[in-house]
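Spelled out as structure tokens, the structure:
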């Protein structure tokens, strides 16, 4: 068979590549005409040959060397060798398998440099142009066939085609280039940055500022009579603490963060956390907010004593007050909720509103109740939300946002002028709302952070109290939001205006046709729910802007040096502050069950892919439930399965009804500690807990639970959130088991840590060995709870975790602490699921 190639060519591409590299690494030499000092191989026939092995020439002293060298003649004689050396160096660098941008140090490499010559240093641009030569690309066949003009798809259609099963945020493209993305809750969300940024992000939240795009949170609008809206929310929200209709929230000057339950189901059927915001009520005698602010409608403020008639304020008479009772003011409420529970919250509000309308009393003297409506609207993707946390968030907002000059409110001017002088937004009231209008942030690009001056100048901002006039904003108006869905001027138009400035870098002056964007600024705090002195709260702001303006605001905010984080950074902030994170730390919710199932599938698949020698043996370690917490077993509702191998001959399921009628539920709220103390004061703790729950239900006009729920069942199914601080070494992981201790073991652990402080021992006294105690195996029946999130805390410098335990076991811990003489030290043992070492820890109830 005839050969496909010439005899002197190599058959494989790998051999040809090796030959090409070898040729590029050789240096051409010139054959001398005189006596040969360098001997060439016998196959060298041309004038130029490849240097080969040669015989060495011996020199004796300085004999044979010239006394002087003419540099010019010497260079001319060696011109061929110099040129060959340079050509060989170029061939070696050009023949390598690296492109120009790959030769740069890693800190100088950019993705855009692979297709933009101007992105590489000047000394390498010629070579980069050769690599990007269009003729060379055509020769190699790297061009993909283009669509015809009739079949071309626009960029917008191509991006919309990729959003069929999920929704992109307005900042999606910016995040997708810099972060790991994942489909969650119907959105394509950023999880964490691609760079190593765990510790820098934590430092930014503690000492700087960090931004998170929280526009994926859902927004629901309720509109109707004020008293009916209060009844609708009271039937669904947490019964502890002030309700959504309290005076501090009703004026719209503050927001309330509470828990949402199914209507009239408290304390069962927890759905998730929500944030309630009332539309501000502006007093009639308040100064004019701006030229665009319409006059408030009569009766919009339930607190003022006068009604408006024409241009004069007339005193309120008895007939006018009766008219207000008959026609209550129409109010608007916004409810922000997690996207995973939007359907449950929306259906719960609908059900609660229908119950309120059905129970509407009939006025005396009339045959039927008056016609009343409660509107419930879905406002998802109507606004964008940014969360800016950290002590420097005040300076960032002051530098990136420019309020309009038409705002004549004195309290807002005083607040805004002293905003950068606040060390932290925690100095302001919790949930304080500030509404105002700003110019297009692109006019002031690039922004500069405001500088902190003195603490004395910050007193004016600290003395600014929440008011409805300060919280007023046109973002509540639907027509205003629709008119701002798209900026009036594109970026290229503003760049053209900026290019006309005589001085480069000069800011653009706002013109009459430029957009005025209404915004809401809400104080946000992640407080230490367990009141532990060694933890640190994180303060910041929540910025709400209309849809269509996410990228203009994001560009200005991140240009100030603010870091941008994803969901991981947001959850880490809650963990470092010592607060729970939804849905990770909230058991007995539908979203938590979905999260646990998804995590179980991922971790089980990862565990099964490992060989037996490289994975944890949970049967040998005695881990009862390695993949998800068995809360029903902890509460005693279901019997525990034996740890170890399961035989193929299984016994029939047990018909025990010990847990029949017990509904698991999570006790949380601002009055948890007081509820537990009141229940502990009675002999029957279950009856005391039921009595406290009925008091809260009665406060919200609900029927008591005594008819359908027994006190023992309520007591057995209760779970509480706790924070766990390690007493020594160790950092708990997720799903770590929490064990209770016997009195003897608790005394030994107390002695270990007491002796570490005093270092004093009696003669002949045996010192408790911490290593021996850590290796003690505990029975699975002594598990009282699980860790929902655990790690090494950077703010505390030690291991920290958040979990949940049974209420009945918590009372046993309190009784044990009283017996041992340490009433404030609830000692427990924590063991990771893949480890056999137990670590001592202290347990504390979380509030909120």
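In UniProt numbering, the protein residues as written are 1 to 848.
Virtual Cβ for every residue (Gly too), placed ideally from N, Cα, C.
(request) Going by DSSP, name the residue or residues bridged to residue 783. (result) 739
(request) Compare the beta carbon distance of residue 264 and residue 569 with 8 Å and say whether it is the shorter of the two. (result) no
(request) Grab me the residues of residue 339's own chain with a C-beta within less than 6 Å of its C-beta, minus the 5 sequence neighbours each way, in chain order. (result) 185, 216 and 218
(message) Just to check my reading of the structure: residue 804 and residue 790 have Cβ atoms closer than 8 Å, yes? What is that Cβ distance to the nearest angstrom?
(response) Actually they are not in contact, since the Cβ atoms of residue 804 and residue 790 sit about 12 Å apart, beyond 8 Å.
(request) Report the residue ranges of all alpha helix (DSSP H) runs contained in full by the UniProt domain "Pop1 N-terminal" (159 to 224); include only those spanning at least 4 residues, in chain order. (result) 172 to 176 and 198 to 207
(request) Could you check what DSSP says for residue 480 in three-state terms: helix, strand or coil? (result) helix
(message) Measuring straight from C-alpha to C-alpha, what distance separates residue 451 and residue 436?
(response) 22 Å
(request) Taking residue 579 as the reference, give the member of 683, 556, 631 and 793 with the closest Cα. (result) 793
(message) List, from N- to C-terminal side, the alpha helix (DSSP H) runs of 4 residues or more that fit wholly inside the stretch 664 to 696.
(response) 672 to 680
(request) Report the residue from 176, 445, 347 and 334 whose alpha carbon sits nearest the alpha carbon of residue 261. (result) 347
(message) Does residue 417 come out as helix, strand or coil in the three-state DSSP assignment?
(response) helix
(request) Going by CA-CA distance only, name the one from 233, 249, 605 and 787 that's closest to residue 259. (result) 233
(message) Against chain C, with Cβ distances strictly below 8 Å, would residue 706 count as a contact?
(response) Structure shown: chain C not included; a single protein chain is present.
(message) Strictly by DSSP, which residues pair up with residue 726?
(response) 841
(request) Go ahead and label residue 197 buried or exposed: buried means 16 or more other beta carbons lie within 10 angstroms of its beta carbon, across all protein chains shown. (result) buried
(message) Would you call the stretch 724 to 739 in contact with the stretch 821 to 838, where contact means no fewer than 3 C-beta pairs closer than 8 Å?
(response) yes
(message) I'd like to know whether the C-beta atoms of residue 467 and residue 253 end up nearer to each other than 8 Å.
(response) yes
(message) In this structure, how does DSSP classify residue 850 when only helix, strand and coil are distinguished?
(response) Outside the displayed range of the chain (1 to 848) lies residue 850, so it cannot be described from this structure.
(request) Check whether the stretch 583 to 596 touches the stretch 805 to 813, counting contact only when three or more Cβ pairs, one atom from each stretch, lie closer than 8 Å. (result) no
(message) Starting from residue 631, trace the alpha helix (DSSP H) in both directions and tell me its first and last residue.
(response) 631 to 634
(request) Leaving out five residues on either side along the sequence, give the residues of the same chain with a beta carbon under 6 Å from the beta carbon of residue 669. (result) 238 and 240
(request) Taking all protein chains shown into account, decide if residue 63 is buried (16 or more other Cβ within 10 angstroms of its Cβ) or exposed. (result) exposed
(message) For residue 322 and residue 572, what's the separation of their Cα atoms in angstroms?
(response) With a pLDDT of 45 at residue 322, under the threshold of 50, the predicted position of this residue should be treated as unreliable, and no value is reported.
(message) Taking the alpha carbon of residue 800 as the reference point, which residue from 835, 609, 841 and 771 has its own alpha carbon closest?
(response) 841
(request) Note down, in chain order, each residue of its chain lying with its Cβ closer than 6 Å to the Cβ of residue 864, except the 5 sequence neighbours on either side. (result) Nothing about residue 864 can be read from this structure; the chain reaches only from 1 to 848.
(request) Measure the CB-CB distance between residue 181 and residue 173 and report whether it falls below 8 Å. (result) no
(request) Can you say whether residue 256 is buried or exposed, counting buried as having 16 or more other CB atoms within 10 angstroms of its CB? (result) buried
(request) Measuring alpha carbon to alpha carbon, tell me which of 680, 503, 556 and 268 ends up nearest residue 697. (result) 268
(message) Quick test of the definition: if touching needs 3 or more C-beta pairs under 8 Å, does the stretch 466 to 483 touch the stretch 514 to 526?
(response) yes
(message) By DSSP's criteria, residue 437 is part of a beta bridge. Which residues make up the other side?
(response) 518
(message) Rounded to the nearest angstrom, what separates residue 358 and residue 351 at their Cα positions?
(response) 11 Å
(request) Below 7 Å CB to CB, which residues in the same chain sit around residue 664 once its five sequence neighbours on both sides are set aside? (result) 588, 631, 632, 635, 637, 717 and 719
(message) With a threshold of 7 Å on Cβ separation, who are the neighbours of residue 819 within its own chain once the five nearest residues in sequence on each side are excluded?
(response) 743
(message) Please state the DSSP three-state secondary structure of residue 336.
(response) strand
(request) Evaluate the contact criterion for the stretch 555 to 563 versus the stretch 439 to 450: three or more CB pairs, one atom per stretch, below 8 Å. (result) yes
(message) In this structure, how does DSSP classify residue 547 when only helix, strand and coil are distinguished?
(response) coil
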